[in-house]
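> Sharing a structure below in structure tokens format, with a few things to ask.
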Amino acid sequence: MTHSLTLTPSAAKRVAWIAEKQAKPAILRLSVEGGGCSGFQYKFDLAENAEADDSISETDGVTLVVDPVSLDLVSGSVVDFVESLGGAAFKVENPQAAAGCGCGSSFGI
1 MTHSLTLTPS AAKRVAWIAE KQAKPAILRL SVEGGGCSGF QYKFDLAENA EADDSISETD
61 GVTLVVDPVS LDLVSGSVVD FVESLGGAAF KVENPQAAAG CGCGSSFGI
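Numbering (my numbering), first residue to last: 1 to 109.
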């Protein structure tokens, strides 16, 4: 099974900006935790480095890393950064999500 993840140029630019402000490497870790209004929720953190078993995707010099357990739930996803009147946030377009919520930060399979 191919596990593909994509970080859009918009998301890569935002990660690079945040990492520069915090003086950290431009490595975004996406993980999935139980909870949220639909069963699972996305969690984003800046990482110091990638772990040996992480899935790694790179866009414009920014690295997206995902642990193996989370990868099963987000495989094929696109991570984007969107700005709207409601605010600005990272958004995961997950083809595996059967249900979602209005806030876009949780999903069900």
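Beta carbons: idealized from backbone N, C-alpha and C, even for Gly.
On a predicted model such as this, the values are computed, not experimentally measured, just so you know.
Between the segment 82–101 and the segment 48–59, do at least 3 Cβ pairs fall closer than 8 Å?
no
> Please name the residue, chosen from Val82, Val65 and Ser75, that lies closest to arginine 29 on a Cα-to-Cα basis.
Val65
> For lysine 24 versus glutamate 48, is the C-beta distance shorter than 8 Å?
Closer than 8 Å, so yes.
> Could you please give the first and the last residue of the uninterrupted beta strand (DSSP E) stretch that includes aspartate 80?
78–84
> The alpha helix (DSSP H) spanning alanine 16 covers which residue range?
Note, alanine 16: alpha helix (DSSP H), 9–22.
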